[in-house]
Amino acid sequence: MRLHFLVLLLISTGAARAADLAAEVHVERSYGYMTGDLTRARVEARGPADARLIAASLPHPGPVTVSLELRDLRVEEARDANGRLWRIHLVYQNFYSALDVRDVHVPGFALRFATSAGEVSVDSPAWSFSVVPLREIAPAAKEDPDDYLRPDPAPVFLDAAPARRFALLSGAVALALFLALCRARGWPPFAGRSGRNFAGLARRLKKAARKPGGAPALLDAMRDMHRAFDSAHGASLLRADLPSFLRAHPHFEAQRPDIERFFLASERAFFGADGLRGQDLTLAEIAEIARRMAAREQAT
2 MRLHFLVLLL
12 ISTGAARAAD
22 LAAEVHVERS
32 YGYMTGDLTR
42 ARVEARGPAD
52 ARLIAASLPH
62 PGPVTVSLEL
72 RDLRVEEARD
82 ANGRLWRIHL
92 VYQNFYSALD
102 VRDVHVPGFA
112 LRFATSAGEV
122 SVDSPAWSFS
132 VVPLREIAPA
142 AKEDPDDYLR
152 PDPAPVFLDA
162 APARRFALLS
172 GAVALALFLA
182 LCRARGWPPF
192 AGRSGRNFAG
202 LARRLKKAAR
212 KPGGAPALLD
222 AMRDMHRAFD
232 SAHGASLLRA
242 DLPSFLRAHP
252 HFEAQRPDIE
262 RFFLASERAF
272 FGADGLRGQD
282 LTLAEIAEIA
292 RRMAAREQAT
């Protein structure tokens, strides 16, 4: 008698556990499918907090029937006040080519759960969706076969005016920026403008320094340097005038040693007894002084 009571107790406990678990199907759309379409469904299963879904009981992607295939499966698990919730997202693909509107039946499957009372199985219900045939649209009969042909679409002419305006505007902006750069660097046509007295000279002396010119080339370079200093000063600049020149042009103050060295070498070259025999400065050194003076001009 006691054994029968225990068996009945176990059966009733298992039935209660099974009653705590339930599954239902939610279908995205149950009609209007054609051959090759994907259809999506969601199985929701609820259970107690201690229940655990056995992954091996889930269906595996692959053929379900001759004309139906499970393409994808994804499981989401969540907790709420009532226990656990499993959402099983299913994606099927239909390959049934119907001659008229038909229903395609999707079989259910059994989900197994592990609980404190043992393993419990819950059936996911079967469901169905309708498919429609692929029918050719036959055009109305025409006497002339050429009437079945549709005329070619008229060519579309693009308006090039906006692109042309943009190109002209871009070119104008680029030219303006280039001219501004030439002005700042003292390049032609701004090589001789006021305030840029050494830029053009520095380029000429750099080229002259590459060629062997001897004493005449060195004297010409000194004369050109004096003209640049005179132009910057606004009058003839002598060695004695250097302090006032540097006060009027403080941006050249950093080049004071180079300027004084040049004027001293120039006096010896033009007015000294030895002339150029001492060669206090070479043509390359004069070109370097001109380059530094031009850099100071451009920095202002």
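Take the sequence shown: its position 109, counted from the start at 1, is 110 in the numbering used here, and no numbers get skipped.
All C-beta atoms, glycine included, are put in the ideal place defined by N, C-alpha and C.
When DSSP states are grouped into helix, strand and coil, residue 131 belongs to the strand group. With respect to the C-alpha of residue 121, the residue from 165, 112, 81 having the closest C-alpha is 112. Distance check between residue 103 and each of 130, 114, 51 places 130 closest, using alpha-carbon atoms only.
Listed as beta-bridge partners of residue 125 by DSSP are 110. The region 255-265 makes no contact with the region 152-163, as fewer than three CB pairs between them are under 8 angstroms. In this structure the region 26-35 does not lie against the region 78-86, because fewer than three pairs of beta carbons, one per stretch, are closer than 8 angstroms. Annotated three-state conformation of residue 151 is coil, per DSSP. Under the three-pair Cβ rule at 8 angstroms, the region 92-103 counts as touching the region 38-48. Between residue 183 and the set 167, 168, 201, the nearest pair of CA atoms involves 201. If you draw a straight line from the Cα of residue 229 to the Cα of residue 235, it is about 10 angstroms long.
By the beta-carbon neighbour count (other beta carbons within 10 angstroms, threshold 16), residue 89 is buried. The beta strand (DSSP E) runs lying completely inside the region 46-126 and spanning 3 residues or more are 69-81, 84-95, 103-107, 110-116, 119-125, given in chain order. Membership of residue 296 in any beta strand (DSSP E) is not indicated; the residue belongs instead to the alpha helix (DSSP H) covering 284-300. Looking at the DSSP output, residue 170 shares a beta bridge with no other residue. If you draw a straight line from the Cα of residue 53 to the Cα of residue 101, it comes to about 44 angstroms.
As the crow flies, the alpha-carbon of residue 270 is around 8 angstroms from that of residue 220. For a cut-off of 8 angstroms, the C-beta gap from residue 300 to residue 250 is around 12 angstroms, too long to register as a contact. In this structure, the CA atom of residue 225 is about 26 angstroms from the CA atom of residue 181.
The region 231-245 and the region 206-220 do not touch, with fewer than three beta-carbon pairs separated by less than 8 angstroms.
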